[in-house]
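Q: Got a structure for you, written out below as structure tokens; questions coming shortly.
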Amino acid sequence: LLESGASSEAAAIGNMIEEPLLDWGAAELGYKIAKNVSIVHPEGILAANLDAKALAPVDNEGLEAKTSGIVSGRAFEEWGDQGTDQVPDRVTVQCQEQMLVANMKVVWVPALIAGMGRRLYKVERDDELIAIIKQRAYEFWMNHVVPRIPPENCRPSLEVVKRLMREPSKTINLPANYWSDLKEAKDAVKQAEGK
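Heads up, our numbering is the position in the sequence shown plus 3, with the first residue counted as 1.
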């Protein structure tokens with residue numbers, strides 16, 4: 004298991020290497036890209052933050068940069084041969100959700116993997132999986148978000164809790180008007196809802 008510090012280090016390295024991985028992937032593909040693209044699905048329930056979206060010579064593909072095992076040294080068993088769609092399940096689901104939201108056909112995954120180096124993977128659209136993702140998101144929205152009912156057993160797993168970085172005695176500075184603005188916003192919501 005990773006300690007929270009190791010997890011934070013892995014995330015920091017991932018953020019640091021994301022842009023060079025995107026540049027490498029775009030160069031390998033011969034694509035011009037736009038980085039950090041946020042898109043909301045037309046139905047408004049789902050959104051995606053794409054690491055990059057292809058602009059030319061195609062416009063219905065994306066790129067999702069990944070690092071794996073950089074700190075732990077273990078990850079290569081999750082990844083298959085370069086050029087395939089043999090990526091970890093979590094990456095497959097993320098790519099499919101991005102294709103749903105951005106109406107794309109392919110998400111390329113430029114990855115830096117411990118013990119393997121740089122690899123480029125191709126995840127193609129899977130309409131059956133996308134239908135499942137869309138249905139689950141819609142159900143969650145209608146059953147929990149709209150009625151404001153938290154899902155049962157929504158406590159984070161021990162693995163998630165360990166990944167959260169806590170710094171004892173850490174304080175943050177809030178703007179002087181934070182609490183009054185928050186109260187005004189809550190009052191406006193109550194008034195709009197007729198309460």
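For every residue, glycine included, the Cβ atom is placed at its ideal position computed from N, Cα and C.
Which residues in the same chain have their Cβ closer than 6 angstroms to the Cβ of L49, if we skip the five residues on either side of it in sequence?
A: Around L49: V104, A140.
Q: When the Cα of M119 is compared with those of K173, A179, I73, which residue comes out closest?
A: Taking only the C-alpha atoms, the option nearest M119 is I73.
Q: Any idea if K173 is buried or exposed, counting beta-carbon neighbours within 10 angstroms, 16 or more meaning buried?
A: The residue in question, K173, is exposed, as its Cβ has fewer than 16 Cβ neighbours within 10 Å.
Q: Can you find the residues in the same chain that come closer than 8 angstroms, C-beta to C-beta, to G86, ignoring five residues on each side of it along the sequence?
A: Result list for G86: L123, Y124, K125, in chain order.
Q: In chain order, what are the residue ranges of uninterrupted beta strand (DSSP E) at least 3 long that sit wholly in the region 36 to 116?
A: Listed in chain order, they are 50 to 59, 64 to 66, 69 to 71, 109 to 116.
Q: Pick helix, strand or coil for L123, following the three-state DSSP scheme.
A: Three-state DSSP puts L123 in a strand.
Q: So what's I152 in DSSP terms, helix, strand or just coil?
A: Coil.
Q: Mind checking P159: buried by the 16 CB within 10 Å criterion, or exposed?
A: P159 is exposed by the Cβ-count criterion.
Q: By the DSSP assignment, the alpha helix (DSSP H) with E131 in it spans what residues?
A: Here the alpha helix (DSSP H) through E131 covers 130 to 143.
Q: Measuring CB atoms only, is the region 132 to 149 touching the region 106 to 114, in the sense that at least three cross pairs come out at less than 8 angstroms?
A: Contact between the region 132 to 149 and the region 106 to 114 is absent, because fewer than three Cβ pairs lie under 8 angstroms.
Q: Could you tell me if Q101 is buried or exposed, where buried requires 16 or more neighbouring beta carbons within 10 angstroms of its beta carbon?
A: Answer is buried; the Cβ neighbour count reaches 16.
Q: Where does N180 sit, in a helix, a strand or coil, going by DSSP?
A: Of the three classes helix, strand and coil, the one that applies to N180 here is coil, per DSSP.
Q: Our contact map puts A36 next to A57 with C-beta atoms below 8 angstroms; I'd like the distance itself, whole angstroms only.
A: Here the sequence assigns Ile to residue 36, which means Ala is not the residue at that position. Between A57 and I36 the Cβ distance is about 6 angstroms, and since that is below 8 angstroms, they are a contact.
Q: Taking 8 angstroms as the limit between beta carbons, can you name the residues of its chain near F143, skipping five residues before and five after?
A: Within the same chain, F143 has close Cβ partners P154.
Q: Would you check if the region 22 to 40 and the region 81 to 95 touch, i.e. whether three or more CB-CB distances between them fall below 8 angstroms?
A: With the cut-off at 8 angstroms, the region 81 to 95 and the region 22 to 40 do not touch.
Q: Look up S11 in the DSSP assignment and say whether it is helix, strand or coil.
A: S11: helix per DSSP, three-state reduction.
Q: Among residues of its own chain, excluding the 5 on either side of L132, which ones have a beta-carbon nearer than 7 angstroms to its beta-carbon?
A: Hits under 7 angstroms: Q99.
Q: Go ahead and pull the three-state DSSP assignment for P159.
A: Coil, per DSSP.
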